[in-house]
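Beneath this line is the structure, given in structure tokens, with notes to follow.
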Amino acid sequence: MAARDAAWEALRDEFALPPASMENLRQLFLTEARAGLAGSDSSLRMLPTYLTRRVTGEETGEYFALDLGGTHFRVLQLRLEGGGRIGPVRQRQFKVPDAAKRGSGAELFGFLADCVSAFVAAECGGEAAGDIGFTFSFPAAQTAIDAGTLVAWNKGFAAADAIGADVVALLQAQLEARGLKMRVTALANDTVGTMAAAAYSCPGTAMGVIFGTGTNAAYVEQAAKIGKGRGVEDGSRETEMAINTEWGNLDTAAVRNEHDAAVDAASENPGLQRFEKMVSGMYLGELLRTALAAPAVRAGFSRTCAAGFDAAFSERFSLHTSTLAAIEADATPDLAEVAHLLAEAGVQGTLADRSLLRDACAAVSTRAALLAAVGIASLLELAQSEPRPATVAVDGTVFERYPGFQARMEGGLEMLLGPERARDVSLVLTKDGSGVGAAIIAAAAAQARGETQ
Numbered sequence: 141m142a143a144r145d146a147a148w149e150a151l152r153d154e155f156a157l158p159p160a161s162m163e164n165l166r167q168l169f170l171t172e173a174r175a176g177l178a179g180s181d182s183s184l185r186m187l188p189t190y191l192t193r194r195v196t197g198e199e200t201g202e203y204f205a206l207d208l209g210g211t212h213f214r215v216l217q218l219r220l221e222g223g224g225r226i227g228p229v230r231q232r233q234f235k236v237p238d239a240a241k242r243g244s245g246a247e248l249f250g251f252l253a254d255c256v257s258a259f260v261a262a263e264c265g266g267e268a269a270g271d272i273g274f275t276f277s278f279p280a281a282q283t284a285i286d287a288g289t290l291v292a293w294n295k296g297f298a299a300a301d302a303i304g305a306d307v308v309a310l311l312q313a314q315l316e317a318r319g320l321k322m323r324v325t326a327l328a329n330d331t332v333g334t335m336a337a338a339a340y341s342c343p344g345t346a347m348g349v350i351f352g353t354g355t356n357a358a359y360v361e362q363a364a365k366i367g368k369g370r371g372v373e374d375g376s377r378e379t380e381m382a383i384n385t386e387w388g389n390l391d392t393a394a395v396r397n398e399h400d401a402a403v404d405a406a407s408e409n410p411g412l413q414r415f416e417k418m419v420s421g422m423y424l425g426e427l428l429r430t431a432l433a434a435p436a437v438r439a440g441f442s443r444t445c446a447a448g449f450d451a452a453f454s455e456r457f458s459l460h461t462s463t464l465a466a467i468e469a470d471a472t473p474d475l476a477e478v479a480h481l482l483a484e485a486g487v488q489g490t491l492a493d494r495s496l497l498r499d500a501c502a503a504v505s506t507r508a509a510l511l512a513a514v515g516i517a518s519l520l521e522l523a524q525s526e527p528r529p530a531t532v533a534v535d536g537t538v539f540e541r542y543p544g545f546q547a548r549m550e551g552g553l554e555m556l557l558g559p560e561r562a563r564d565v566s567l568v569l570t571k572d573g574s575g576v577g578a579a580i581i582a583a584a585a586a587q588a589r590g591e592t593q
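Spelled out as structure tokens, the structure:
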């Protein structure tokens with residue numbers, strides 16, 4: 141048991157995030173965010189979205205939405221009825237193949253257009269026309285509500301020739317090449333889409349947040365706090381704008397451990413998206429796999445179990461975050477479900493092995509949830525004009541499906557904000573909001589242009 145206890149202490153200490161560290165990181169977040177808003181050097185891009193009209197719930201009309209979020213691409217058609225009501229939603233989901241993720245820009249956006257064409261053929265009788273809201277869940281520097289230049293890829297995408305190009309123009313060209321009479325009128329990040337989707341029925345929505353394959357957040361900022369040349373011009377009547385924080389790139393050097401450094405160094409984008417690599421579903425399993433291979437941790441497991449880990453999880457990303465979630469969900473006295481999961485992977489171990497593994501999962505996921513709380517608390521302070529109580533719209537499988545993740549986030553918010561303020565913050569699952577939200581943003585953009593349906 142001494143070796144087991146020593147291994148647990150090593151894991152606990154390495155993934156600990158005490159209140160003082162959380163507060164220091166929040167102050168760093170605020171400093172970086174303000175610098176980003178001003179256009180100064182910062183790990184937070186704080187990208188203007190050109191969405192200057194808050195969603196009211198009274199937008200109406202029929203719209204299409206496209207949602208490129210990572211693993212899948214969705215095509216939707218829906219009708220906004222006003223009064224916060226949304227009519228039936230027709231949608232189809234397509235898995236993005238690795239060849240499209242890592243090919244040329246033309247191959248990727250051609251694949252997306254093929255999916256739209258297939259949707260039109262199956263759901264619209266082969267013909268369709270109308271406005272499209274495009275949720276694009278990657279860093280893009282917007283120059284208008286319907287134009288944005290790709291800054292960088294993440295989440296395993298690597299179409300290098302698309303970096304620096306207008307993603308709306310790339311998609312529009314592929315749609316037109318297929319004879320589709322559809323117009324992309326609004327570009328949105330998935331976080332902005334999630335915020336819009338929640339705001340359609342809950343105008344008190346303070347921000348949209350994603351905790352899934354990746355992580356990011358958007359919120360509404362006062363125009364006066366946005367630097368010149370960053371979307372709000374002198375003499376503009378606009379008083380506020382939605383900001384895409386791209387918080388996945390936050391500098392987390394002060395709270396990283398050796399396992400974070402190893403995962404970052406082996407990634408496709410070392411030195412970038414370090415916050416995301418500590419929080420998101422793409423990386424939590426890889427973090428645990430890396431930690432389990434460390435000698436101080438490995439020594440806490442039986443030889444049979446450690447050897448089984450080596451054989452089963454030798455490849456990068458072979459241990460999935462969904463497996464961590466299943467391990468933490470096991471409430472049986474002998475951790476029978478964990479034993480079953482390990483046996484399926486060819487790993488044999490004792491109850492002590494299974495218990496240590498579950499504790500290791502909890503160490504990784506708890507830190508992720510506390511980091512998530514730091515981000516949300518920082519944006520609540522930054523957006524001082526937001527109403528109390530505040531609704532935080534959250535999408536993503538980590539938030540939705542990982543046992544205890546939301547409760548740990550709420551605990552982190554209480555530590556940072558205090559019990560009274562934390563009670564005013566509601567974390568609301570906005571399921572699939574990035575798709576519906578894109579259509580709502582297209583509707584808001586149409587109303588801003590004076591167009592109605």
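Read in order, the letters of the sequence shown correspond to residues 141 to 593 in the working numbering.
We treat Cβ as the ideally placed atom computed from N, Cα and C, and that holds for glycine.
This one's a predicted model, so the numbers in the text were calculated from it and none came from an experiment.
| Check | Outcome |
| --- | --- |
| So is LYS235 buried or exposed if we call it buried at 16+ other beta carbons inside 10 Å? | exposed |
| Between the Cα of MET555 and those of ALA300, LEU491, VAL514, THR275, spot the shortest distance and give me the residue it belongs to. | VAL514 |
| Taking the alpha carbon of ASP306 as the point to measure from, which residue in ASP286, LEU320, LEU315 has its own alpha carbon closest? | ASP286 |
| In terms of residue numbering, what span does the beta strand (DSSP E) encompassing ILE516 cover? | That residue, ILE516, is in no beta strand (DSSP E); its alpha helix (DSSP H) goes 491-522. |
| Give the range of the beta strand (DSSP E) segment to which THR283 is assigned. | 280-284 |
| Counting only runs of 4+ residues fully inside the segment 429-474, write out the alpha helix (DSSP H) ranges in chain order. | 435-438, 443-452, 461-469 |
| Rounded to the nearest angstrom, what separates ASP207 and VAL403 at their Cα positions? | 28 Å |
| Does the segment 218-237 come close enough to the segment 308-327 that 3 or more CB-CB pairs lie under 8 Å? | no |
| Rounded to the nearest angstrom, what separates GLU386 and ALA142 at their Cα positions? | 43 Å |
| Measuring alpha carbon to alpha carbon, tell me which residue in ALA433, SER442, VAL437 is nearest ARG456. | ALA433 |
| Return helix, strand or coil for ARG528, following the three-state DSSP convention. | coil |
| How close, in whole Å, do the beta carbons of VAL215 and ARG232 come, if the pair is a contact with beta carbons under 8 Å? | 5 Å |
| Beta carbon of PHE251, beta carbon of ALA268: below 8 Å? | no |
| Can you tell me where the beta strand (DSSP E) holding ILE383 begins and where it ends? | 380-384 |
| Give every residue of the same chain whose Cβ lies closer than 6 Å to the Cβ of VAL308, excluding the five residues on either side of it in the sequence, and list them in chain order. | ASP286, ALA287, VAL324, LEU327 |
| What's the C-alpha gap between VAL256 and ALA517? | 38 Å |
| Could you pull out every residue in the same chain whose Cβ sits closer than 8 Å to the Cβ of GLY375, ignoring the five residues on either side in sequence? | Unreliable positioning characterises GLY375 in this predicted model, as indicated by a pLDDT of 48, which lies under 50. A coordinate reading is not provided. |
| Determine which residues share a DSSP beta bridge with ALA533 and list them. | GLY348, VAL568 |
| Which of the three DSSP states is assigned to PRO543 in this structure? | coil |
| Considering only C-alpha positions, which residue in the set GLY333, ALA523, THR192 is nearest to LEU170? | ALA523 |
| DSSP beta-bridge partners for GLU398? | Per DSSP, none; premise fails for GLU398. |
| Do the CB positions of LEU481 and GLY489 come within less than 8 Å of each other? | no |
| List in chain order: all unbroken alpha helix (DSSP H) runs of 4+ residues lying wholly within the segment 156-225. | 159-178 |
| What are the boundary residues of the beta strand (DSSP E) that includes THR331? | Element bounds for THR331: not the beta strand (DSSP E) but the alpha helix (DSSP H), 330-341. |
| Whole angstroms are fine: how far does the CA of GLU398 sit from the CA of ASP470? | 28 Å |
| Determine the burial state of LEU191: buried for a count of at least 16 other Cβ atoms within 10 Å of its Cβ, exposed for fewer. | buried |
| Helix, strand or coil for ARG242? Go by DSSP, reduced to three states. | helix |
| Do you know how far the Cα of SER442 is from the Cα of ALA175? | 50 Å |
| Can you tell me where the beta strand (DSSP E) with VAL360 in it begins and where it stops? | 355-362 |
| Candidates ALA452, THR392, SER244, PHE415: which alpha carbon is nearest ALA299's? | SER244 |
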